[in-house]
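Residue numbers are given in the numbering used here: position 165 of the sequence shown equals residue 195, and the series is strictly consecutive.
The block underneath contains the structure these notes are about, expressed in structure tokens.
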Amino acid sequence: MLLLVLCIAVAAKNPRFLSTSNLQNTGRVIGLYGIFSIGSGLVIITGGIDLATGSLMALMGVQLAILLSQWHCPWPLAILSILVVSSVLGLFHGLLVTRIKLQPFIVTLCGLLIYRGAARRFADDQTVGFGNANGFEFLQKLATERTFGVPNPLIVMLGIAIVMWVVLHRSVFGRYLFAVGQNEAAARYSCSRFTPIPSPPPLMRRATSCTASPPRSWEDAA
């Protein structure tokens, strides 16, 4: 309701707020940040925290640009590679928290510093771009253009949101996440196979960050 009131007030003050170009640009930004916010929500539901989001997106964006523009990898292979790497890093973070019993604040803070340093090292402290997108025009269109006037990142975000709604509200796994976040002790005593703050949320968190990396990278390179 507050957001609706705010939009009405801004539109009344500046009619260009409701222009097609501004709505499309706003939708693209909402889609971009909404994708990895969905992953953050999974971690927050379980009572966790993730400080390494921005650094991981930077690292995955740099890797994607290098794979596409310098190594000339096929774009499906490049996307798959950064998706696998980011998911493995998320699983590693989850294992450090659930098995080694490290605090998620410490784990993700170290990840923030490591990923940021790695991104700067791979990029040699320079801007890494995608050139003229030869060979991966479809990926560029998917990340930056629109379908029937709707920005593609917003469409991707809505698809992910629907899937995650089903996972959270229509699956045992979703109820398990809410139970852990609400009361870890109660979840422990009510479940015979209990793992505190399970590893899948960090893994899924990294996967959504990786998904948001291509449109974010093209936005920075523009």
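Even glycine gets a Cβ: it sits at the ideal position worked out from N, Cα and C.
For residue i, the three-state DSSP class (helix, strand or coil)
i, result
"P181", "strand"
"R46", "helix"
"N55", "helix"
"G165", "coil"
"K131", "coil"
"A41", "helix"
"R146", "helix"
"Q156", "coil"
"R200", "coil"
"L139", "helix"
"M187", "helix"
Those residues which DSSP pairs with residue i across a bridge
i, result
"R176", "P181"
Inter-residue CB distance, residue i and residue j (contact presumed, cutoff 8 Å)
i, j, result
"A95", "G159", "6 Å"
"Y145", "A82", "6 Å"
"G71", "M187", "With a Cβ gap of about 12 Å, G71 and M187 do not count as contacting."
"S51", "L142", "Not confirmed; about 35 Å, so no contact."
Residue i, buried or exposed, once every other Cβ within 10 Å from all chains shown has been counted against 16
i, result
"V257", "This structure cannot settle anything about residue 257, because the visible part of the chain is limited to 31 through 252."
"R58", "buried"
"V73", "buried"
"A42", "exposed"
"L48", "exposed"
"V210", "buried"
"S116", "buried"
"T177", "exposed"
CB contact flag (residue i, residue j, <8 Å)
i, j, result
"A149", "A88", "yes"
"L98", "F168", "no"
"A39", "V92", "no"
"A173", "N182", "yes"
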